[in-house]
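Colleague:
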Amino acid sequence: MLATDLTPPRRAAASYPEIVGDIVLELDLNDGTGGGGAGQPAELQAQVRLSQQPAERPLVALGRSTEGVWQVVGAGQSDAGGVAVLDLRVAPSASVYAVAVDDWGVAYQPGLPVVVGQRIRPSQFAGWLYQVTEAGTLPASEPVWWPAEGDNAPRQLGTARAVAVRYYQPLAHGPVPVEVL
(Lines of atoms letter the chains of each structure in order from A and count residues from 1; the text may use other names and numbers.)
(Lines give C-alpha, C1' and ligand atoms only; values in the text may rest on other atoms or scores of the structure.)
Protein backbone atom coordinates (compact mmCIF):
# COMPACT_ATOMS: atom_id res chain seq x y z
CA MET A 1 0.00 0.00 0.00
CA LEU A 2 1.14 3.53 -0.71
CA ALA A 3 -0.30 6.59 0.98
CA THR A 4 0.49 10.16 -0.02
CA ASP A 5 -0.49 13.32 1.85
CA LEU A 6 -0.12 16.40 -0.36
CA THR A 7 -0.86 18.83 2.47
CA PRO A 8 2.34 20.64 3.52
CA PRO A 9 4.54 19.21 4.78
CA ARG A 10 4.02 16.55 2.10
CA ARG A 11 4.47 12.96 3.23
CA ALA A 12 4.38 9.52 1.70
CA ALA A 13 4.46 6.09 3.27
CA ALA A 14 4.56 2.62 1.79
CA SER A 15 4.12 -0.77 3.35
CA TYR A 16 3.75 -4.34 2.18
CA PRO A 17 1.17 -6.03 4.39
CA GLU A 18 1.39 -9.79 4.80
CA ILE A 19 -2.05 -11.34 4.99
CA VAL A 20 -2.01 -14.91 6.27
CA GLY A 21 -5.71 -15.47 6.93
CA ASP A 22 -9.20 -14.17 6.26
CA ILE A 23 -9.60 -10.56 7.41
CA VAL A 24 -11.95 -7.66 6.80
CA LEU A 25 -10.37 -4.36 5.80
CA GLU A 26 -12.11 -1.01 5.83
CA LEU A 27 -10.32 1.89 4.19
CA ASP A 28 -11.48 5.51 4.04
CA LEU A 29 -9.57 6.86 1.07
CA ASN A 30 -11.41 10.13 0.54
CA ASP A 31 -11.98 12.97 2.95
CA GLY A 32 -14.08 14.84 0.36
CA THR A 33 -11.42 17.31 -0.73
CA GLY A 34 -9.97 15.49 -3.75
CA GLY A 35 -11.29 13.88 -6.91
CA GLY A 36 -13.11 10.60 -7.23
CA GLY A 37 -16.33 10.98 -5.31
CA ALA A 38 -15.96 14.45 -3.82
CA GLY A 39 -18.95 16.74 -3.88
CA GLN A 40 -22.68 16.37 -3.55
CA PRO A 41 -24.84 13.75 -5.26
CA ALA A 42 -26.45 15.05 -8.44
CA GLU A 43 -28.14 13.79 -11.60
CA LEU A 44 -27.59 14.69 -15.22
CA GLN A 45 -30.24 13.80 -17.77
CA ALA A 46 -28.80 13.32 -21.24
CA GLN A 47 -30.01 12.40 -24.69
CA VAL A 48 -27.64 11.29 -27.46
CA ARG A 49 -28.58 11.70 -31.13
CA LEU A 50 -26.42 11.07 -34.18
CA SER A 51 -27.65 11.96 -37.67
CA GLN A 52 -31.03 12.87 -36.14
CA GLN A 53 -31.39 9.37 -34.60
CA PRO A 54 -31.18 8.21 -30.95
CA ALA A 55 -27.86 6.50 -30.23
CA GLU A 56 -26.40 4.19 -27.59
CA ARG A 57 -23.10 5.69 -26.42
CA PRO A 58 -20.84 5.75 -23.38
CA LEU A 59 -21.09 9.12 -21.61
CA VAL A 60 -18.63 10.93 -19.38
CA ALA A 61 -19.45 13.99 -17.26
CA LEU A 62 -16.60 16.40 -16.57
CA GLY A 63 -16.74 19.02 -13.84
CA ARG A 64 -14.76 22.27 -13.77
CA SER A 65 -14.43 23.94 -10.41
CA THR A 66 -14.46 27.71 -9.94
CA GLU A 67 -10.65 27.40 -9.52
CA GLY A 68 -10.39 25.85 -13.01
CA VAL A 69 -9.68 22.28 -11.87
CA TRP A 70 -11.17 19.53 -14.07
CA GLN A 71 -12.29 16.10 -12.89
CA VAL A 72 -14.53 13.26 -13.99
CA VAL A 73 -17.74 13.60 -11.95
CA GLY A 74 -19.75 10.76 -13.46
CA ALA A 75 -20.11 8.26 -16.28
CA GLY A 76 -22.76 6.04 -17.79
CA GLN A 77 -24.34 4.72 -20.97
CA SER A 78 -27.29 5.92 -23.02
CA ASP A 79 -29.90 3.29 -23.86
CA ALA A 80 -31.17 2.32 -27.33
CA GLY A 81 -33.47 5.38 -27.19
CA GLY A 82 -30.43 7.62 -26.62
CA VAL A 83 -31.52 8.44 -23.05
CA ALA A 84 -29.34 8.34 -19.94
CA VAL A 85 -29.50 9.54 -16.36
CA LEU A 86 -26.01 9.87 -14.89
CA ASP A 87 -25.31 9.80 -11.17
CA LEU A 88 -22.76 12.51 -10.38
CA ARG A 89 -20.74 13.83 -7.45
CA VAL A 90 -20.27 17.58 -7.98
CA ALA A 91 -19.55 20.80 -6.18
CA PRO A 92 -22.71 22.93 -6.55
CA SER A 93 -20.63 25.75 -8.09
CA ALA A 94 -18.95 23.49 -10.69
CA SER A 95 -19.68 23.72 -14.40
CA VAL A 96 -20.54 20.30 -15.84
CA TYR A 97 -19.89 19.19 -19.41
CA ALA A 98 -21.32 16.00 -20.94
CA VAL A 99 -19.28 14.06 -23.49
CA ALA A 100 -20.57 11.16 -25.63
CA VAL A 101 -17.87 8.94 -27.11
CA ASP A 102 -17.99 6.41 -29.94
CA ASP A 103 -16.27 3.02 -30.02
CA TRP A 104 -12.88 3.69 -31.67
CA GLY A 105 -12.46 -0.02 -32.40
CA VAL A 106 -9.27 -2.06 -32.41
CA ALA A 107 -6.50 -1.53 -34.93
CA TYR A 108 -6.37 -3.98 -37.82
CA GLN A 109 -4.00 -6.87 -37.08
CA PRO A 110 -3.36 -9.75 -39.50
CA GLY A 111 -5.06 -12.97 -38.38
CA LEU A 112 -6.81 -11.35 -35.40
CA PRO A 113 -9.80 -13.38 -34.15
CA VAL A 114 -12.89 -11.15 -34.00
CA VAL A 115 -16.37 -11.49 -32.50
CA VAL A 116 -19.78 -10.16 -33.48
CA GLY A 117 -20.15 -6.47 -32.59
CA GLN A 118 -16.41 -5.77 -32.46
CA ARG A 119 -15.19 -2.81 -34.50
CA ILE A 120 -12.02 -2.86 -36.59
CA ARG A 121 -10.06 0.31 -37.43
CA PRO A 122 -7.97 0.37 -40.65
CA SER A 123 -4.31 1.37 -40.32
CA GLN A 124 -5.10 4.38 -42.57
CA PHE A 125 -8.25 5.73 -40.92
CA ALA A 126 -10.63 7.50 -43.33
CA GLY A 127 -13.75 7.99 -41.20
CA TRP A 128 -15.05 4.40 -41.39
CA LEU A 129 -14.83 1.50 -38.97
CA TYR A 130 -15.90 -2.05 -39.74
CA GLN A 131 -18.35 -3.74 -37.39
CA VAL A 132 -18.16 -7.52 -37.34
CA THR A 133 -21.47 -9.23 -38.17
CA GLU A 134 -20.10 -12.78 -38.32
CA ALA A 135 -17.21 -13.96 -36.12
CA GLY A 136 -13.98 -15.18 -37.70
CA THR A 137 -10.37 -14.18 -38.29
CA LEU A 138 -9.10 -11.07 -40.08
CA PRO A 139 -7.15 -11.64 -43.32
CA ALA A 140 -3.36 -12.02 -43.40
CA SER A 141 -2.94 -8.75 -45.30
CA GLU A 142 -4.93 -5.58 -44.84
CA PRO A 143 -7.86 -5.47 -47.27
CA VAL A 144 -9.04 -2.62 -49.45
CA TRP A 145 -11.51 -0.94 -47.10
CA TRP A 146 -14.87 0.31 -48.34
CA PRO A 147 -17.38 3.03 -47.33
CA ALA A 148 -21.02 2.31 -46.53
CA GLU A 149 -22.85 2.22 -49.86
CA GLY A 150 -26.40 1.31 -50.79
CA ASP A 151 -27.85 -1.24 -48.36
CA ASN A 152 -24.39 -1.62 -46.72
CA ALA A 153 -24.53 -5.42 -46.89
CA PRO A 154 -21.90 -7.32 -44.86
CA ARG A 155 -18.72 -8.09 -46.80
CA GLN A 156 -16.08 -10.77 -46.35
CA LEU A 157 -13.20 -9.75 -44.08
CA GLY A 158 -10.93 -12.78 -43.84
CA THR A 159 -13.19 -15.53 -42.49
CA ALA A 160 -15.36 -12.91 -40.74
CA ARG A 161 -17.97 -10.60 -42.24
CA ALA A 162 -18.40 -6.90 -41.46
CA VAL A 163 -20.28 -3.75 -42.41
CA ALA A 164 -18.87 -0.24 -42.72
CA VAL A 165 -19.97 2.12 -39.93
CA ARG A 166 -19.23 5.82 -39.58
CA TYR A 167 -17.00 6.84 -36.66
CA TYR A 168 -18.31 9.87 -34.78
CA GLN A 169 -15.84 12.08 -32.94
CA PRO A 170 -16.72 12.72 -29.29
CA LEU A 171 -19.71 15.04 -28.92
CA ALA A 172 -19.64 17.48 -26.03
CA HIS A 173 -22.17 19.90 -24.57
CA GLY A 174 -21.82 22.27 -21.73
CA PRO A 175 -22.02 23.63 -19.34
CA VAL A 176 -25.20 21.63 -18.83
CA PRO A 177 -27.68 21.88 -15.95
CA VAL A 178 -27.54 19.21 -13.26
CA GLU A 179 -29.96 18.51 -10.44
CA VAL A 180 -28.18 18.48 -7.07
CA LEU A 181 -29.98 15.92 -4.92
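Taking my numbering, the leading residue of the sequence shown gets 1, the next gets one more, and so forth.
Glycine residues also receive a C-beta, built at the ideal position from the N, C-alpha and C atoms.
Since V178 and L44 should fall inside the 8 Å C-beta cutoff, what is the C-beta to C-beta distance between them, to a whole number of angstroms?
Modeller: Here residue 178 is taken as the residue at index 178 of the sequence shown, counted from 1. Here residue 44 is taken as the residue at index 44 of the sequence shown, counted from 1. That belief holds up - the Cβ atoms of V178 and L44 are roughly 5 Å apart, short of 8 Å.
Colleague: Which partner residues does E67 have in the DSSP bridge list?
Modeller: Residue 67 sits at position 67 when you count from the first residue of the sequence shown. None; E67 has no bridge partner.
Colleague: Going by C-alpha distance, which of Y168, D22 and A140 is nearest A184?
Modeller: Within the shown structure, residues of the chain are numbered from 1 to 181, placing residue 184 beyond reach of any answer.
Colleague: Rounded to the nearest angstrom, what separates Q109 and L138 at their Cα positions?
Modeller: On the sequence shown, position 109 is the one that residue 109 refers to. On the sequence shown, position 138 is the one that residue 138 refers to. One C-alpha to the other measures close to 7 Å.
Colleague: Using a Cβ-Cβ cut-off of 7 Å (strictly less than) and excluding sequence neighbours within five positions of G158, which residues of its own chain qualify?
Modeller: For this step, residue 158 is matched to residue 158 along the sequence shown. Closer than 7 Å at the Cβ level, and outside the excluded window around G158, lie G136, T137, L138 and P139.
Colleague: Could you tell me the alpha carbon to alpha carbon distance between W104 and P143, rounded to whole angstroms?
Modeller: Residue numbering aside, residue 104 sits at position 104 when the sequence shown is read from its first letter. Residue numbering aside, residue 143 sits at position 143 when the sequence shown is read from its first letter. In a straight line, the C-alpha of W104 is about 19 Å away from that of P143.
Colleague: Can you say whether L181 is buried or exposed, counting buried as having 16 or more other CB atoms within 10 angstroms of its CB?
Modeller: Taking the first residue of the sequence shown as position 1, residue 181 is located at position 181. Flag for L181 reads exposed.
Colleague: I'd like to check one pair, V96 with V176: are the Cβ atoms closer than 8 Å?
Modeller: As a first step, residue 176 is located in the sequence shown; it is residue number 176 there, counting from the start. As a first step, residue 96 is located in the sequence shown; it is residue number 96 there, counting from the start. Contact: yes.
Colleague: Applying the 10 Å Cβ sphere with the 16-neighbour rule, what's the burial state of W145?
Modeller: The residue given as residue 145 occupies position 145 in the sequence shown. Burial call: buried.
Colleague: Is it true that the CB of P41 sits closer than 8 Å to the CB of V101?
Modeller: One-based indexing of the sequence shown puts residue 101 at position 101. One-based indexing of the sequence shown puts residue 41 at position 41. Going by C-beta atoms, V101 is not nearer than 8 Å to P41.
Colleague: Whose C-beta lies closer than 6 Å to the C-beta of V48 among residues of the same chain, with five residues either side of it excluded?
Modeller: To locate residue 48, count along the sequence shown from 1; it is residue 48. Closer than 6 Å at Cβ, skipping near neighbours: A55, R57, S78, G82 and A100.
Colleague: Please state whether DSSP places V85 in a helix, a strand or coil.
Modeller: Counting from 1 along the sequence shown, the entry for residue 85 is found at position 85. Note: V85 maps to strand in three-state DSSP.
Colleague: In this structure, what does DSSP give as the bridge partners for A46?
Modeller: Counted from its first residue, the sequence shown places residue 46 at position 46. For A46, which the question treats as bridged, DSSP gives the partners A84.
Colleague: Tell me which residue opens and which closes the beta strand (DSSP E) that T133 is part of.
Modeller: For the purposes of this step, residue 133 is taken as residue 133 along the sequence shown, with counting starting at 1. Where T133 is concerned, the enclosing beta strand (DSSP E) stretches over W128 to E134.
Colleague: Compute the Euclidean distance between the alpha carbons of R161 and A107, then round it to the nearest angstrom.
Modeller: Here the question's residue 161 lines up with position 161 in the sequence shown. Here the question's residue 107 lines up with position 107 in the sequence shown. Looking at the two C-alpha atoms, the distance is approximately 16 Å.
Colleague: So, helix, strand or coil for E56, using DSSP?
Modeller: Along the sequence shown, read from residue 1 onward, the residue named residue 56 stands at position 56. E56: coil per DSSP, three-state reduction.
Colleague: Within a Cβ cutoff of 6 Å, which residues of the same chain sit near T66, ignoring the five residues on either side of it in sequence?
Modeller: On the sequence shown, residue 66 is found 66 positions in, with the first residue counted as 1. Only S93 meet the Cβ criterion.
Colleague: What residues are listed by DSSP as bridge partners for L157?
Modeller: Here the question's residue 157 lines up with position 157 in the sequence shown. Paired residue(s): A160.
Colleague: With the cut-off set at 8 Å, would you say G174 and A98 are in Cβ contact?
Modeller: Translated into the one-based positions of the sequence shown, residue 174 becomes position 174. Translated into the one-based positions of the sequence shown, residue 98 becomes position 98. Result yes, Cβ atoms of G174 and A98 sit closer than 8 Å.
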